[in-house]
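Chain order of the listed sequences is X and U.
With the working numbering applied, the first sequence covers 62 to 289.
With the working numbering applied, the second sequence covers 0 to 110.
Each remark here refers to the structure printed beneath this line.
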Amino acid sequence: MTARRDFVAGMKTMAPVLPGIVPFTLIFGVVAVDVGLSPLQAVAMSVVLFAGTSQLAAIELIGRHTPAVLVVLTVVVINLRVVMYSVSMAPRFGPLGTRWRAVLSYFLTDHVYALAITEAEAEGSSVSLRWYYLGLGVAIWVAFQAGTVAGVVLGATVPDSLGLEFVIPLTFLAILVPELKDRMNALVAVVAGGVAVVGAGLPMNLGLFVATLLGVLLGAALTEVAGE
Amino acid sequence: MTPASEWLIWLVIVVGGLATFALRASFIFLFGQFDDVIARLEPVLGFVPAAVLAALVAPSFVVQDASLGATLGNERLLAGVGALVVAWVSENMLATIVAGMAIFWAVRFLG
Numbered sequence: 062m063t064a065r066r067d068f069v070a071g072m073k074t075m076a077p078v079l080p081g082i083v084p085f086t087l088i089f090g091v092v093a094v095d096v097g098l099s100p101l102q103a104v105a106m107s108v109v110l111f112a113g114t115s116q117l118a119a120i121e122l123i124g125r126h127t128p129a130v131l132v133v134l135t136v137v138v139i140n141l142r143v144v145m146y147s148v149s150m151a152p153r154f155g156p157l158g159t160r161w162r163a164v165l166s167y168f169l170t171d172h173v174y175a176l177a178i179t180e181a182e183a184e185g186s187s188v189s190l191r192w193y194y195l196g197l198g199v200a201i202w203v204a205f206q207a208g209t210v211a212g213v214v215l216g217a218t219v220p221d222s223l224g225l226e227f228v229i230p231l232t233f234l235a236i237l238v239p240e241l242k243d244r245m246n247a248l249v250a251v252v253a254g255g256v257a258v259v260g261a262g263l264p265m266n267l268g269l270f271v272a273t274l275l276g277v278l279l280g281a282a283l284t285e286v287a288g289e
Numbered sequence: 000m001t002p003a004s005e006w007l008i009w010l011v012i013v014v015g016g017l018a019t020f021a022l023r024a025s026f027i028f029l030f031g032q033f034d035d036v037i038a039r040l041e042p043v044l045g046f047v048p049a050a051v052l053a054a055l056v057a058p059s060f061v062v063q064d065a066s067l068g069a070t071l072g073n074e075r076l077l078a079g080v081g082a083l084v085v086a087w088v089s090e091n092m093l094a095t096i097v098a099g100m101a102i103f104w105a106v107r108f109l110g
């Protein structure tokens, strides 16, 4: 049965990525409990959002008592990039039935997209993309949830005085720094970071939004100028 | 957690989850429409990760209790700078976190 074969092939392709996923979700589980989420809420967030970076940002902001509206807005801004993935997969998944499209959409994350599009564009590929993609998605999903649960269990035993929530900005830093090797991105980051520091005293964490907006607009303006 | 904030966390989970799903499903469901609009937005969207991550990170290292805490001996700033160097050289998340937390704890508990 080719569906099953392609599903397993997807899972196998994802396997090498998983050791990098588990520590990340483990951190989420530990810190989520640390900032005051209940174990159920932490796991529910991983199941419902299934988007690690935005989840870390959400608990960071919840820990700083940010209004719910702004937490949701931050989640949306961080996850905006998946719209690009959605555009890219649309010619392949768009013609499928509603149920398939809904399920495949749920699994549309960075790693799943990267590996799926590689297979989709490989010459002479004979796999059924939807089953292969589903294999990729289920493999990372299981690791993601297992890591969260382990983190939640572990988090209950970690004393507050360790200041473990400091792991979150370090995680963001590790994601951010490789992006800075592009000069335009570096400029955008310096401006956004600078504005965020200056605006840190603003109510409701508005500094974060002003900083992000200014950074993105600056990048867009510079791209426009460079293009002319 | 007070009951009110607990309720708000559930709100964040549900609304944030629905919004994230909507972003993922957007063009898979709108197949064939607005593709040219998104093609024009692509260069702008490309700057979002750098901008939002920098805006999240910078205050965590520099600001303390809503005022500039950029003094020597501030464990967050020292750890942030150390982690930045490690991240630049290694491009490895685990190495970055280990280095940052090691400096953070060293300054906090030994300094």
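We treat Cβ as the ideally placed atom computed from N, Cα and C, and that holds for glycine.
Given the structure is predicted, the values throughout are model-derived calculations rather than measurements.
Verify the CB distance criterion: does Q206 (chain X) have a CB-CB separation below 8 Å to chain U?
At a cut-off of 8 Å, the C-beta of Q206 (chain X) has no neighbouring C-beta in chain U.
In chain order, which continuous runs of the alpha helix (DSSP H) of length 4 or greater are located wholly inside the stretch 122 to 163 of chain X?
Complete alpha helix (DSSP H) runs here, min 4: 129 to 140, 143 to 154.
Give me the Cα-Cα distance between V130 (chain X) and A177 (chain X), rounded to the nearest whole angstrom.
Cα to Cα, V130 (chain X) sits roughly 33 Å from A177 (chain X).
Taking A287 (chain X) as the reference, give the member of U:P42, U:A24, U:V11 with the closest Cα.
The option with the nearest alpha carbon to A287 (chain X) is U:P42.
Under 8 Å between C-beta atoms of A82 (chain U) and L237 (chain X)
Inclusion of A82 (chain U) and L237 (chain X) in the CB contact set at 8 Å is not warranted, their separation being larger than that value.
Under 7 Å between beta-carbons, which chain X residues line up against L10 (chain U)? List them in chain order, please.
Chain-order list of chain X residues neighbouring L10 (chain U): A129, by C-beta distance under 7 Å.
Who are the near neighbours of V136 (chain X) in its chain, counting only those whose CB is closer than 6 Å to its CB and skipping five residues on each side?
Correct list, in chain order: S115, A119.
E291 (chain X) burial status per 10 Å Cβ neighbour count (16 or more: buried):
As shown, chain X starts at 62 and ends at 289. That puts residue 291 (chain X) outside it, with no answer to give.
Can you list, in chain order, the residues of its chain with a C-beta nearer than 6 Å to that of F85 (chain X)? Leave out the 5 residues immediately preceding and following it.
Answer for F85 (chain X): G113, listed in chain order.
Alpha carbon to alpha carbon, what distance is there between V228 (chain X) and S59 (chain U)?
Looking at the two C-alpha atoms, the distance is approximately 10 Å.
Assign D95 (chain X) to one of two classes, buried (16 or more other C-beta atoms within 10 Å of its C-beta) or exposed (fewer than that).
The residue is buried, with at least 16 neighbouring Cβ atoms inside 10 Å.
Taking V11 (chain U) as the reference, which of X:Q102, X:P77, X:L87, X:V258 has the closest Cα?
When X:Q102, X:P77, X:L87, X:V258 are compared, the shortest CA-CA separation from V11 (chain U) is found for X:Q102.
Name the residue from X:F68, X:R65, X:G185, X:G262 whose alpha carbon lies nearest to the alpha carbon of V61 (chain U).
Ranking the options by Cα distance to V61 (chain U), first place goes to X:G262.
Report yes if the CB atom of V69 (chain X) is closer than 8 Å to the CB atom of G198 (chain X), and no otherwise.
Against a cut-off of 8 Å, the Cβ pair of G198 (chain X) and V69 (chain X) comes out as no contact.
List the residues of chain X that R39 (chain U) touches, going by C-beta distances under 8 Å, in chain order.
Within 8 Å Cβ-Cβ: nothing; R39 (chain U) doesn't reach chain X, min ~11 Å.
May I ask which residues mark the beginning and end of the alpha helix (DSSP H) holding A175 (chain X)?
Run containing A175 (chain X): 171 to 182, per the alpha helix (DSSP H) assignment.
For A93 (chain X), which of U:R23, U:F33, U:I8, U:V14 has the nearest alpha-carbon?
Here the closest residue by C-alpha is U:I8.
Just tell me which of X:V249, X:H172, X:R66, X:G212 has its CA closest to the CA of L98 (chain X).
Of X:V249, X:H172, X:R66, X:G212, the residue nearest in Cα terms is X:G212.
Please report the residue range of the alpha helix (DSSP H) in which P220 (chain X) lies.
Run containing P220 (chain X): none; DSSP gives neither H nor E here.
Does any residue of chain U bring its CB to less than 8 Å from the CB of R244 (chain X)?
Chain U places no beta carbon closer than 8 Å to that of R244 (chain X), leaving this residue out of the contacts.
Of the residues X:H172, X:A281, X:A183, X:T284, the one placed nearest F111 (chain X), counting alpha carbons only
It is X:H172 whose Cα lies nearest to the Cα of F111 (chain X).
Flag L109 (chain U) as yes if its beta-carbon sits less than 8 Å from any beta-carbon of chain X, otherwise no.
At least 8 Å separates the CB of L109 (chain U) from every CB of chain X.
Thinking just about the alpha-carbon of each residue, which of X:I201, X:A105, X:S147 is nearest to the one in T74 (chain X)?
Out of X:I201, X:A105, X:S147, X:I201 has the C-alpha closest to the C-alpha of T74 (chain X).
Are there 16 or more other CB atoms within 10 angstroms of the CB of G158 (chain X), so buried, or fewer, so exposed?
With a threshold of 16 other beta carbon atoms within 10 Å, G158 (chain X) falls short and is exposed.
Nearest CA to the CA of T209 (chain X): which residue from X:T63, X:M106, X:R191?
Ranked by Cα distance from T209 (chain X), the options X:T63, X:M106, X:R191 are led by X:M106.
Taking 8 Å as the threshold (C-beta atoms), are L165 (chain X) and V146 (chain X) in contact?
This sequence places Tyr at residue 146 (chain X); Val is not what is there. No, the pair does not count as a contact, with Cβ atoms beyond the cut-off.
Using a C-beta to C-beta distance shorter than 9 Å, which residues of chain U count as neighbours of Y167 (chain X)?
By Cβ distance, chain U contributes F20, R23, A24.
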